[in-house]
Each structure stands twice: as structure tokens, then as C-alpha cells.
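What follows is a set of notes on a single structure, which appears directly below.
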Amino acid sequence: MLKEIQDYLNDRFPEYWSDINIRFELGEPYRNGSKRRINQVNKRVNTIFEELFKPTDHIFLIVKDWGSYEDPMYGNTTPEYLYELLRERIIEEETLFDIDEDEDVEGNSIDVKIEFRFKVLEGLVSSIPYKKIFEGISHYEQGREPSIGQSVYILNKDKNILFHMYDDRGCIAHATSKEQLMSLYREYNDWIVDYWREYFDGIFKDA
């Protein structure tokens, strides 16, 4: 399953990305750490997710895990919480590397390999505790626990949609055709990140 998903991502969503996407604002205008912000984040992300995926859809949950120290500012204070939520699931995993750029002592650009664990599980949407997962992600930079610091992607190969909530600020829905995201663009247009609105209008407005 791991190679199947890696090959699929490399083909359809290289670097976990598609030019056909919509980015939604989740937390604004409420202040960081506030209950109102967390409540809005969870309401919006669940609404968007449930618009994309039905309870009977078959999905893959993809996790990139750098360990407890991937973020020196926040740290992953509850690194096992995600796996506690998934403890009854069969998770396949292997070690992979991201390539980042750095400079040596002489100022020359060098490539740095960053190790992470690539983990995949599959199942029906109804069998995945996605609300708890999204809540954990929303807690990560808000000083709340339990929190989830791993990067979590949700893939539906039948619909060719990749969904990623990156933190309490926002989430991105990627697709291979604009028709797959058109209903989101129309129904939740007010939630679209304004900074990218011109780009998204260029994709969907005249479709």
C-alpha cells in the first residue's frame, strides 16, 4: 500500500500539491488561544471535509511524522495522541527523507536530508475519528492539549481529492479537476482566504 500511495501522489499530487485547489480561512478574526477561535475552526473544517467526503467514501490517511522535535517553537507535547486515536487501525510505515536547503560555514548552499516517518492507513470515512484529529491539529499552536503536530493528509483516490488542514489558520482542498471543488467554491466562498482569492476566482469563476 505504501508504494501505491507514493506513486499515486507523485503522479497526481506531487509534493502534496495541485494547482487546482482552494484554501479556506478557519480561525480569523478571533484571537489566538480563544475558545471562539477554536470553535469556529472546528465547525468550518468539519463542514468543508463533510462536503468533500461522505461517510461511505474510502479514504487513505497519510501522516508525515518528524518525531517530538519537528517544531522548536511549539514542540509536539502530545506526540502519541494521534496514534491513540488510531490505535485499532493497521498502519503501514517507512522512513523517508525531505530535502531542505541550508548553508555551510562558507555560505555555500547545501542540501540537507530531513528524516521523517511516512505512515498510511485506509478505511471508510465513518471509521476515522476525523473530528478529533482536526481538533488536535487546531490545538497545536494555540497552547491547548491534546494536540497533533504531525502533518496529516486525507486522500480519496476515487474522487482524486487531497485534503490538508495545516493548522488553526486554514485548510486546503486539492483536486485534479475544478469540477470536484466547484461546490465548495460556490457554497463557502466567504471562507476563502482573501490573499489568494484572485487566483481561485481565475480557476473557478468562469467555469
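As numbered in the numbering used here, the sequence shown has no gaps in its residue numbers, which increase by one up to the final residue, 1391. Where a beta carbon is used, it is the ideal one built from N, C-alpha and C, also for glycine. The model shown is predicted, which means the values in this text are computed figures rather than measured ones.
Check: Nearest-angstrom Cα separation, counted from Leu1210 out to Val1229; Outcome: 7 angstroms
Check: For Gly1327, the nearest candidate out of Pro1313, Leu1305 and Asp1351 (CA to CA); Outcome: Asp1351
Check: Proximity test, Asn1205 beta-carbon vs the ligand GTP heavy atom, cut-off 7 angstroms; Outcome: With respect to the ligand GTP, the structure offers nothing, as it holds no ligand at all.
Check: Terminal residues of the alpha helix (DSSP H) in which Asp1385 lies; Outcome: Arg1381 to Phe1388
Check: Contiguous alpha helix (DSSP H) assignments of at least 4 residues, all confined to the region 1312-1379; Outcome: 1314-1323 and 1366-1371
Check: Integer-rounded CB distance, given that Leu1346 should sit under 8 angstroms from Glu1276; Outcome: That belief does not hold up - the Cβ atoms of Glu1276 and Leu1346 are roughly 18 angstroms apart, past 8 angstroms.
Check: Own chain, CB closer than 8 angstroms to Ile1243, minus 5 neighbours either side, in chain order; Outcome: Phe1237, Glu1306, Gly1307, Leu1308, Val1309, Ile1312, Ile1338, Leu1339 and Asn1340
Check: Ile1232 in three-state terms, based on DSSP; Outcome: helix
Check: Proximity below 8 angstroms, CB of Phe1208 to CB of Val1377; Outcome: yes
Check: Test item: CB-CB of Tyr1265 and Pro1330 under 8 angstroms; Outcome: yes
Check: Continuous beta strand (DSSP E) stretch holding Glu1209: start and end; Outcome: Asn1205 to Glu1209
Check: Proximity below 8 angstroms, CB of Ser1361 to CB of Ile1204; Outcome: yes
Check: Separation of Asp1390 from Thr1279, as counted between CA atoms; Outcome: 43 angstroms
Check: DSSP state of Ile1298 mapped onto helix, strand, coil; Outcome: strand
Check: Spatial distance of Met1349 from Ile1356 (CA atoms); Outcome: 6 angstroms
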